[in-house]
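What follows is a set of notes on a single structure, which appears directly below.
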Amino acid sequence: MPAIPSFPTLYGKASTGKIKMWSIKVEDQKGVGAITTTHGYLGGKLQENTRLVTVGKNLGKKNETTPVQQAVSEAQSDWKKKTEAGGMTEKKPEEGKAGDSDKESVKSVKPSAEKNAKAAADAGGVPHPMLAHDYNKRGKDIKFPCYAQRKLDGVRCLAISGKGLYSRTGKAFPHMDHIRAEINSLPKGTILDGELYSDTLNFQEIVGLVKKETLKPADAPKMTQIYLCVYDTVQDGTNEARNAYLTDLFKTHKFKALKLLPTDVANNLDDVKRLHAEYVADGYEGLILRNKAGLYKVGHRSADLQKYKEFKDDEYKIVGFKEGDGIEKGCVIWVCETKDKKPFSVRPRGTHEDRAEAFKTASKQVGKKLTVRFQELTEDGIPRFPVGLAIRDYE
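Residue numbers for the sequence shown follow the UniProt record's numbering, so the first one is 1 and each next one is one higher.
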């Protein structure tokens with residue numbers, strides 16, 4: 001067997017200015033692949049986690065892998081994701097000044113969304129969008145009155161005038177010329193943040209269309225049913241200023257493939273719960289809260305942007321699948337595992353037809369991450385009443 005490769009340590013800068021590191025290595029433990037990741041802040045306590053790969057893939061086939069070879073493949077994939085989606089590099093950045101955190105006043109925070117976006121473009125890449133914190137963990141940082149928006153069940157997209165449409169991790173979306181044309185009518189470099197969405201197609205249909213490299217004739221009319229629902233813009237200024245900019249932009253332009261997501265105001269937690277109930281009753285996932293004074297932090301989670309949902313979701317690795325019984329015969333049921341390697345079954349959302357089609361290609365999904373919605377975790381850490389929402393292979 002070839003020598004086990006080593007992977008360079010990766011570095012990144014947190015919004016606090018601290019330097020974070022991440023490394024991964026693979027060891028052969030008597031034929032079992034041991035993958036060890038180490039992460040934390042430089043100068044602080046580092047956390048180390050090890051997972052074992054005891055079975056290879058494609059057993060009995062020409063491309064069969066041993067457990068150690070499979071561990072190397074998984075480690076390579078994890079390392080690549082950190083560089084592409086996580087924004088980490090082999091070059092160690094300089095440590096910033098303390099105080100550049102979500103908890104500081106807006107005046108003390110001086111990140112430039114426009115500079116960060118331009119730097120990414122100059123480097124041949126694209127900026128990564130700002131991500132939301134969970135209200136259950138960071139709710140104390142929301143300052144009322146704040147903005148409230150519907151949480152969409154779409155595909156995250158940064159639309160850059162003169163450049164293209166990109167996923168959360170910087171992958172270019174092909175096609176959707178009707179959206180691209182309207183984006184390109186704006187000044188070059190304008191960046192709109194939103195989700196590829198449809199009022200007539202379900203989530204699975206949207207995902208299936210936006211990631212297709214080659215369209216069939218029957219796809220064309222469906223593709224035009226997808227639009228970009230815009231809820232932010234990557235530029236300097238507070239949430240309040242960015243919201244005013246977008247409101248004015250959509251008043252002065254008669255877009256068809258771009259739609260502005262309505263924004264409400266929540267004055268207190270009672271308003272948040274009321275709006276959440278209204279949004280969910282209308283078929284939305286929940287709501288997003290935005291501090292009016294919050295800035296756009298490119299590629300970071302921000303406590304000024306929080307998701308509020310009265311259920312939970314997380315990502316779990318698909319380790320297998322099985323066929324349903326009775327009226328579900330021919331329909332796929334995923335087998336996922338927790339971080340502690342405890343397996344559990346997940347019925348995916350969708351029609352019988354959707355699930356029957358997924359069953360035909362289910363073996364190709366093993367090893368990928370499935371977003372699972374659930375009510376709570378059992379004492380064993382297994383999701384209770386799980387529902388599979390989406391396989392995250394489109395970002």
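All residues carry an ideal CB built from backbone N, CA and C; glycine is no exception.
A distance of 8 Å or more separates the beta carbons of residue 145 and residue 239. A distance below 8 Å separates the beta carbons of residue 50 and residue 35. For the alpha helix (DSSP H) assignment, the uninterrupted runs of no fewer than 4 residues enclosed by the region 119-196 are, from N- to C-terminal side, 135-138, 177-183. Residue burial annotation: residue 192 is buried, with at least 16 other C-beta atoms found within 10 angstroms of its C-beta. The C-beta distance from residue 388 to residue 366 rounds to 14 Å, too long to meet the 8 Å contact threshold. A direct Cα-Cα distance of roughly 10 Å separates residue 202 from residue 208. Under the three-state reduction of DSSP, residue 39 is assigned to strand. Excluding its 5 nearest sequence neighbours in each direction, residue 72 has C-beta neighbours in its own chain below 8 Å: 4, 5, 26, 33, listed in chain order. One Cα belongs to residue 56, the other to residue 69, and the distance between them is close to 7 Å.
Excluding residues up to 5 positions away in sequence, 90 lie with their Cβ nearer than 6 Å to the Cβ of residue 8 in the same chain. For residue 67, there is no enclosing beta strand (DSSP E); the residue is part of the alpha helix (DSSP H) that begins and ends at 67-84. Secondary structure at residue 204: helix, using DSSP grouped into helix, strand and coil. Cβ-Cβ distances below 6 Å link residue 131 to 301 in the same chain, with the five nearest sequence neighbours on each side left out; the list follows chain order. Closest option to residue 75, judged by alpha-carbon separation, among 23, 218, 43: 23. The beta-carbon separation of residue 319 and residue 362, rounded to 12 Å, does not stay under the 8 Å limit for a contact. Going by C-alpha positions, residue 30 is about 19 Å away from residue 59. Residue ranges of uninterrupted beta strand (DSSP E) with 3 or more members, entirely inside the region 324-379 and ordered along the chain, are 332-337, 343-348, 369-374.
The C-beta separation of residue 228 from residue 175 comes to about 13 Å, leaving the pair out of contact by the 8 Å criterion. Remark: C-beta atoms of residue 162 and residue 189 approach each other more closely than 8 Å. Leaving aside the five residues that flank residue 317 on each side, the residues in its chain whose CB is nearer than 8 Å to its CB run, in chain order, 336, 337, 367, 368, 369, 370. Under the DSSP definition of a beta bridge, residue 306 partners with 133, 289. In the displayed model, residue 260 falls within a strand according to three-state DSSP. Taken through DSSP and simplified to helix, strand or coil, residue 394 comes out as coil. Taken through DSSP and simplified to helix, strand or coil, residue 27 comes out as strand. Look at residue 94 here: in three-state DSSP terms it is coil, with no helix or strand label. Between residue 255 and residue 210, the C-beta gap is not smaller than 8 Å, which leaves the two residues out of contact. Contact annotation, residue 261 with residue 231: C-beta distance approximately 4 Å; criterion of less than 8 Å satisfied. DSSP places residue 266 in the strand class (E or B) of the three-state scheme.
Straight through space, the alpha carbons of residue 206 and residue 226 are spaced by roughly 7 Å. Annotation for residue 79: 7, 24 place their beta carbon closer than 6 Å to its own, counting only its chain and skipping 5 residues before and after. For residue 388, DSSP records a beta bridge to 348, 372. In this structure, residue 348 sits near residue 358, with a CB-CB distance shorter than 8 Å.
Each of 77, 292, 385 was checked against the Cα of residue 265, and the nearest Cα belongs to 292. DSSP links residue 11 through a beta bridge to 21, 89. Beta-bridge analysis with DSSP links residue 246 to no other residue. Counting the other Cβ atoms within 10 Å of the Cβ of residue 82 gives 16 or more, which makes it buried.
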